[in-house]
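Each remark here refers to the structure printed beneath this line.
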Amino acid sequence: MTPLYIVLAIIVVLILAVIFMYNGFVSKVNRTKEAWADIDVQLKRRYDLIPNLVETVKGYATHESAAFENVTKARSQAMQAGTPASKADAENQLSGTLKTLFAVAEAYPDLKANQNFLQLQAELGNTEDKIQAARRFYNSNVMALNTAIQSFPGNVIANSFHFAKMDLFELSDADSAAREPVKVSF
Numbered sequence: 020m021t022p023l024y025i026v027l028a029i030i031v032v033l034i035l036a037v038i039f040m041y042n043g044f045v046s047k048v049n050r051t052k053e054a055w056a057d058i059d060v061q062l063k064r065r066y067d068l069i070p071n072l073v074e075t076v077k078g079y080a081t082h083e084s085a086a087f088e089n090v091t092k093a094r095s096q097a098m099q100a101g102t103p104a105s106k107a108d109a110e111n112q113l114s115g116t117l118k119t120l121f122a123v124a125e126a127y128p129d130l131k132a133n134q135n136f137l138q139l140q141a142e143l144g145n146t147e148d149k150i151q152a153a154r155r156f157y158n159s160n161v162m163a164l165n166t167a168i169q170s171f172p173g174n175v176i177a178n179s180f181h182f183a184k185m186d187l188f189e190l191s192d193a194d195s196a197a198r199e200p201v202k203v204s205f
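In our numbering, the protein residues as written are 20 to 205.
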């Protein structure tokens, strides 16, 4: 009878290990989804600030319509992107067009002194910092999930229950200009 108890104890320990590992994967996936939602919230905040910024600059620089159209188009593409890779590419484009917009603003001293523009500029800088923090939080959660999926014995459980690796939110190597922060100070 003792060997039966030993076998039952081993089976119970294995079942508990599988349950704990499964729950760990569920927790990691949920934290990663939450982190992605944080990125979306901050990006929406950024998208809401951009039209106000464009309108403020537009009032001073009416003949710079190409820059305004590029920012609007890049904002629209960024809002429609869904996956981390496509969202990162779209955000790189948007950052580039914002740099162009701030370059246009450089030529207008009255604009640089405008209180509304300065407030929008400060809000955009604050939002950029929050986006970076949200990206780091998301990437650390993705890294923890991906490591657990690739490590033994987690990989056995992950494959059995179809847990899949997630993509990091990262800048592409092709766009080195996007690695520079958006200049928001004058």
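Where is the CB? At the ideal position from N, CA and C, for every residue including glycine. As the structure is a prediction and not an experimental result, all values here were calculated from the model.
Ranked by Cα distance from residue 83, the options 127, 180, 169 and 35 are led by 127. Between the alpha carbons of residue 129 and residue 53 lies a gap of roughly 42 Å. Burial state of residue 146 is buried, judged by a 10 Å Cβ sphere holding 16 or more other Cβ atoms. For the 7 Å CB-CB criterion, residue 72 and residue 164 do not form a contact. Using a Cβ-Cβ distance cut-off of 8 Å, the region 106-125 and the region 21-35 are not in contact, since fewer than three pairs of beta carbons, one from each stretch, lie closer than that value. Cβ atoms of residue 57 and residue 156 come within 8 Å of each other, at about 6 Å.
Its chain contains 106 and 109 as the residues whose beta carbon lies nearer than 6 Å to that of residue 100, once the 5 sequence neighbours on both sides are disregarded; these appear in chain order. Taking residue 158 as the centre and dropping the five residues before and after it, the same chain places the C-beta of 187 and 188 closer than 7 Å to its C-beta, in chain order.
Put simply, of 111, 91, 136 and 153 the residue whose alpha carbon is nearest the alpha carbon of residue 78 is 136. Distance between residue 69 and residue 132, taken at the CA atoms: about 18 Å.
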